[in-house]
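Note sheet for the following structure.
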Amino acid sequence: EAFIAGLLHDIGVLILDGCLTTEFEEIISLTTEGRLPLIKAEERVLGFNHTVVGKMLAEKWNFPPLLVEVLRYHHRPFQNKSYWATAALVFSADNLAQEAGVGFLEGYDAGPDFKSKVWEWLGLKPQDKEVIFQQLKQEMKRAVDFLDLASTR
């Protein structure tokens, strides 16, 4: 379930981008030019954020409660009492990927408070980050190679 949650955690972003194109362009502008976190930019422009949209979609599709709650709380995992561990894992992976340059928001930073809390919770030291980034880069290369191979058939 954590893997599926990781794949689907930003589905609300896709919905916002597809359905509210003009507003989403403003959100991205605030995020990149104003250096506002995505959640804050969405809330400023729309009055809600992609996690609410993701939760609504997950409920509509009758996803299990864990997925519904992780989609809702993946940016604020410690606010969810039932599924905080999975939500924290998804947010940690998302932040590590963003920090490694994987994703659509350049220079995203979850902030030092969250990072220290997550590193402690995961039992990792800050120097472990480089090993994780190396593994991530290797996995990304394998995925790109696989997709290149699949597209030539």
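Numbering of the sequence shown is given in the numbering used here, commencing with residue 124 and proceeding in unit increments.
Beta carbons: idealized from backbone N, C-alpha and C, even for Gly.
Just so you know, these numbers come straight off a predicted model, no measurement behind them.
query: With a threshold of 7 Å on Cβ separation, who are the neighbours of Asn172 within its own chain once the five nearest residues in sequence on each side are excluded?; result: Ile162, Glu165 and Glu166
query: So Leu212 and Ala266 are in contact, right, with Cβ under 8 Å, and what is the actual spacing, rounded?; result: The pair is not a contact, with the Cβ atoms about 20 Å apart (cut-off 8 Å).
query: CA-CA distance, Glu243 and Thr275?; result: 44 Å
query: In angstroms with no decimal places, state the Cα-to-Cα distance between Lys252 and His132.; result: 22 Å
query: Straight-line CA distance for Met179 to Thr144?; result: 19 Å
query: Is it right to say Leu194 is buried, meaning 16 or more other beta carbons lie within 10 angstroms of its own, or is it exposed?; result: buried
query: From Gln258 to Glu222, what distance separates their C-alpha atoms?; result: 14 Å
query: Rounded to a whole number of angstroms, what is the C-alpha to C-alpha distance between Lys240 and Glu192?; result: 20 Å
query: Check Gln250 in the structure and name its three-state DSSP category.; result: coil
query: What residues in its chain sit with their C-beta under 7 Å from that of Gly141, if we drop five residues either side in the sequence?; result: none
query: Taking the alpha-carbon positions, what's the Asp217 to Ala128 distance?; result: 11 Å
query: Buried or exposed for Ala210, please, with buried defined as at least 16 other CB atoms from any protein chain shown within 10 angstroms of its CB.; result: buried
query: Can you grab the Cα-Cα spacing for the pair Phe256 / Ala220, in whole Å?; result: 8 Å
query: Could you spell out the range, first to last residue, of the alpha helix (DSSP H) harbouring Val168?; result: Leu161 to Leu169
query: Am I right that Pro200 and Phe186 are in contact with their C-beta atoms under 8 Å? What's the rounded C-beta distance?; result: Their Cβ separation, rounded to whole angstroms, is 17 Å, which puts Pro200 and Phe186 out of contact at 8 Å.
query: Using a beta-carbon distance below 9 Å, is Arg265 in contact with chain B?; result: This model lacks chain B altogether; it includes just one protein chain.
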